[in-house]
């Protein structure tokens, strides 16, 4: 899944079997990289992490409108 937002911010998340994910982001010209994503224990754990990643990159909660 790739999400784009204001100012060209991007978040890319690939969830793999076994409880880990590749999470890459670009939040600004000097703010890009990978976020830690190992030992995902459940769907609800992934949801909590996704909310944090979205807030980190876009400054908003994923469920916010």
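In the numbering used here, the protein residues as written are -8 to 56.
Glycine is no exception: its CB is placed at the ideal position from the N, C-alpha and C atoms.
- Taking 8 angstroms as the cut-off, the beta carbon of residue 14 is found no closer than this to the beta carbon of residue 23.
- In this structure, the alpha-carbon of residue 18 lies about 20 angstroms from that of residue 39.
- Within the same chain, Cβ atoms closer than 6 angstroms to the Cβ of residue 30 are found at 10, the five residues on either side in sequence being excluded.
- Under the DSSP assignment, residue 3 falls in the beta strand (DSSP E) whose first and last residues are 1 to 7.
- Inclusion of residue 2 and residue 48 in the CB contact set at 8 angstroms is warranted, their separation being smaller than that value.
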